[in-house]
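In UniProt numbering, the protein residues as written are 1 to 923.
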């Protein structure tokens with residue numbers, strides 16, 4: 001048992017033991033507790049957000065196994081269509097100077113497959129290093145043949161139920177990717193006004209945040225209507241001007257027409273209640289083919305749609321002389337043209353929100369495209385009905401309102417994407433020589449040809465849709481497909497007991513899982529949804545590449561120097577993973593936050609740190625310093641075990657018939673901790689579990705009981721000695737079982753070492769075979785009355801310790817403790833050994849209040865209905881102590897006043913991060 005714990009080799013050893021014994025597989029093939037790990041995208045490596053998810057689920061999986069459940073926890077990897085394709089495109093361009101179009105589809109997809117293989121291996125190794133007790137025999141990939149069949153089956157079923165349709169509609173379009181993207185892949189960038197941004201494909205930065213005012217001349221009138229717009233390049237597609245029907249400034253113009261200054265046609269002035277009179281000039285130009293609000297207005301007023309944008313972000317033939325001009329260059333030229341025409345009335349700064357593609361950094365365009373859509377209204381209603389029938393629990397409960405709101409207002413879901421990497425849509429176009437096109441949904445090309453021939457004859461050519469499905473479609477099937485659907489009967493494996501993921505994807509993933517799986521099975525895919533907050537840095541900022549504050553969990557586990565951190569960032573830049581600005585920010589963050597690098601903390605300390613936060617908060621602030629503190633906590637446990645080994649024998653310590661008060665107290669606290677941690681796991685309050693684990697072992701067991709036991713083990717009464725040995729071993733054995741779900745490697749290592757010496761420890765190959773402690777199996781009960789009385793003793797000991805910190809302990813000649821009542825007197829008299837051991841002051845005397853005559857050379861302090869008199873070596877030391885105590889009291893009062901003022905401010909609740917709130921509460 002070395003002085004310092006070595007972690008090298010320990011993780012590998014226990015991973016080998018766990019896997020060789022099939023501990024991660026369900027018992028007897030059954031599964032009473034079922035989860036799936038949200039599959040990491042094969043875009044790169046795991047970050048701390050993944051580590052949080054893995055830790056939460058693994059703690060629950062291990063706890064359930066120890067409680068006797070047969071656990072099935074399924075791992076997998078997500079092909080992450082658009083995200084992976086974008087990452088590989090950046091990598092190939094950065095390393096080879098090629099675009100995917102230069103390579104061709106076949107060669108590019110081979111490169112994506114190789115990327116998936118290498119990144120997938122890295123991710124799996126990272127998951128294993130985190131201690132994830134996943135059933136690796138069931139590992140899946142969302143583009144495997146099995147999952148392809150599941151996707152086809154689901155698509156065909158939905159189509160046959162008339163829940164799928166194809167139509168032309170506005171979609172989020174990324175010109176850089178030349179694909180539709182989902183709403184979750186669109187980030188809203190708020191700018192306060194005039195701002196220059198780097199946009200893919202443009203050598204110079206592009207100016208945003210400028211509102212231009214353009215005049216439209218009214219027909220047969222000297223009047224003109226002034227339109228304010230931030231997108232003058234889109235004027236080629238304007239088909240009307242709109243005003244609010246109750247805006248008195250423009251009521252006389254409603255129903256008239258104005259001259260389009262570019263197309264030389266007349267367009268109507270219409271009234272629509274959606275126009276905001278106080279925005280700009282109150283006159284809105286309507287560009288239906290490129291704006292969702294405008295499209296809604298156009299449909300209400302039967303306006304024409306004029307498309308002016310190509311897929312690559314250049315203007316098309318409707319832009320006339322601007323044909324093939326990139327949109328933002330066209331914007332600059334348009335302003336010059338409007339000025340030359342004498343109709344540019346002014347320009348001013350304007351705050352605005354810009355939709356940005358999270359995958360490419362490009363500005364989103366809204367283009368009208370033929371796409372496949374899923375009808376969601378009936379499906380979402382079905383999910384809501386089952387939710388309202390108490391068939392679903394959502395934690396934390398505040399998200400139930402969000403869940404209901406999202407489902408009640410669910411829009412039809414565009415599921416087609418113009419990508420090369422993804423599940424090909426099982427839809428087939430049947431075309432003849434007369435440009436007739438009919439669409440058939442079928443499981444294969446052969447099946448589609450047969451259907452086409454039966455319906456339309458042999459003159460039609462059948463081709464599969466080139467588009468692929470939205471990644472979220474295959475992800476929404478995972479509660480089914482991860483269990484083997486449709487090939488296998490999954491009645492015993494569906495639904496999941498728990499779906500745990502981040503609250504930020506409740507709409508994009510959780511709700512869609514609920515809709516699709518319920519539609520396919522008429523049963524919700526999970527019984528409980530647990531949503532954790534977004535992981536942020538120590539300053540409360542969301543971790544992201546753009547901010548440069550993303551942390552790889554391996555850096556916390558193994559440690560890394562600042563130089564190596566920066567080298568990793570440089571490598572990411574060279575591989576095209578981050579751009580130049582992101583690299584610059586990352587290097588700046590590294591130097592500011594990690595000037596000395598990141599210390600080695602180990603897996604267990606990282607897991608304990610992640611669990612020590614309230615995961616149900618919207619944001620979770622992570623600080624590496626906390627992981628280092630938790631490594632020190634594990635070192636304290638290690639050293640306590642070493643001491644216990646030194647003072648005990650190879651013997652089975654039976655519980656003595658009578659135990660001293662101090663022993664009964666710590667065993668009562670042990671029972672309290674066991675029950676509370678079990679309750680906290682059940683309620684998913686991991687931060688409370690880690691708090692109680694730490695408070696018991698660090699403060700109650702080590703700081704109080706262990707110090708007293710050191711003194712008590714020297715007692716000549718063998719019953720006292722044996723009581724301490726029994727209690728030490730008992731607390732240790734139970735504590736390690738409680739700790740095992742959170743710190744599995746550390747607990748396994750310690751338990752294995754100690755079980756060789758103590759017969760009272762279970763002779764199991766691994767704690768995976770051990771039962772989780774409860775009052776029955778630890779044979780100890782809570783004694784509330786004893787704990788309440790003993791608290792007085794603890795407060796006095798703490799007070800003596802605080803006082804002795806102000807002087808040399810050798811200067812304290814004697815301590816005289818005078819309790820107020822006889823009951824308290826007896827408690828103190830019975831536990832003099834404890835007070836001596838815990839304070840390391842040997843001359844401690846307990847007095848009845850009526851018998852004690854104060855020594856006026858002593859310093860008196862009051863604590864918990866007791867007077868404590870300190871007799872010191874000389875008067876100078878006494879004066880010094882008295883002065884220190886008074887000064888300390890004044891400092892505490894001042895700090896308390898400041899703290900109370902801080903926490904009582906209106907902004908404290910909303911603006912203070914959770915870690916600071918917890919620290920303030922502790923103070």
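No residue lacks a Cβ here, since even glycine has one placed at the ideal position from N, Cα and C.
Distance between residue 327 and residue 336 (C-alpha atoms, nearest Å): 14 Å
Alpha carbon of residue 792 to alpha carbon of residue 476, nearest angstrom: 57 Å
DSSP beta-bridge partners of residue 386: DSSP lists no partner for residue 386.
Whether residue 844 touches residue 885 by CB criterion (9 Å): no
Assigned secondary structure, residue 140 (DSSP; H/G/I helix, E/B strand, else coil): strand
Simplified DSSP state of residue 174, which is helix, strand or coil: Residue state, collapsed to three classes: strand.
Residue closest to residue 867, alpha-carbon to alpha-carbon, out of 203, 576, 854: The residue with the shortest Cα to Cα distance from residue 867 is 854.
DSSP bridge partner residues for residue 211 (one or two, in chain order): 348
Continuous beta strand (DSSP E) assignments of at least 3 residues falling wholly in the stretch 210 to 286: If we require 3 residues or more, the beta strand (DSSP E) runs fully inside the stretch 210 to 286 come out as 210 to 217, 224 to 229, 240 to 243, 257 to 259, 266 to 271, 284 to 286.
Whole-Å CB distance - residue 535 paired with residue 543, under 8 Å assumed: 6 Å
CB of residue 961 within 9 Å of CB of residue 415, strictly: In the structure displayed, the chain extends from 1 to 923; residue 961 sits before or after that span and is not available.
Identity of the residue in 49, 5, 38, 37 nearest residue 615 by Cα: 49
Inter-residue Cα distance where the pair is residue 297 and residue 286: Residue 297 and residue 286: Cα-Cα distance of roughly 8 Å.
Contacts around residue 185, its chain only, beta-carbon distance under 7 Å, and the 5 residues preceding and following it disregarded: 82, 357, 358, 359
9 Å Cβ cutoff, residue 502 in contact with chain C: Of the protein chains in this structure there is only one, and it is not chain C.
Neighbour-count burial assignment, residue 168, 16 or more Cβ in a 10 Å radius: exposed
Expected contact under 8 Å - CB spacing of residue 126 and residue 519 to nearest Å: About 35 Å separates the two Cβ atoms, so there is no contact after all.
Three-pair Cβ contact test at 8 Å for the stretch 205 to 222 versus the stretch 261 to 281: yes
Secondary structure of residue 429, DSSP reduced to three states: strand
Between the CA atoms of residue 731 and residue 841 - distance to the nearest angstrom: CA-to-CA, the gap between residue 841 and residue 731 works out to about 26 Å.
As assigned by DSSP and simplified to three states, the class of residue 560: strand
Short Cβ contact (9 Å threshold) for residue 374 with residue 413: The answer is yes: Cβ separation under 9 Å.
Status (buried if at least 16 other CB within 10 Å, exposed otherwise) for residue 117: It counts as exposed.
Pair within 9 Å by beta-carbon distance, residue 557 and residue 133: No.
Selection from 383, 38, 261 that minimises the alpha carbon distance to residue 340: Of 383, 38, 261, the residue nearest in Cα terms is 261.
Distance CB(residue 502)-CB(residue 533) smaller than 9 Å: Annotated as proximal: residue 502 and residue 533, with beta-carbon spacing under 9 Å.
Option nearest residue 136 by Cα separation, candidates 768, 626, 482, 754: 482
Unbroken beta strand (DSSP E) run spanning residue 929, endpoints: The structure shown does not extend to residue 929, since the chain spans only 1 to 923, so no value can be given for it.
Beta-carbon spacing of residue 26, residue 71 below 9 Å: yes
Rounded Cβ spacing between residue 548 and residue 588 (contact assumed at less than 8 Å): That pair is a contact at about 7 Å.
Whole-angstrom distance between residue 767 and residue 784, CA atom to CA atom: 30 Å
Any 3 or more C-beta pairs closer than 8 Å across the stretch 6 to 23 and the stretch 741 to 756: Because the criterion of three Cβ pairs below 8 Å is met, the stretch 6 to 23 and the stretch 741 to 756 touch.
Every unbroken beta strand (DSSP E) inside the stretch 407 to 487 [3 residues or more]: 427 to 431, 437 to 441, 461 to 464
Where residue 524 falls: helix, strand or coil (DSSP): Under the three-state reduction of DSSP output, residue 524 falls in the coil class, being neither helix nor strand.
Beta-carbon spacing of residue 279, residue 228 below 9 Å: yes
Coarse secondary structure for residue 867, derived from DSSP in three states: DSSP places residue 867 in the strand class (E or B) of the three-state scheme.
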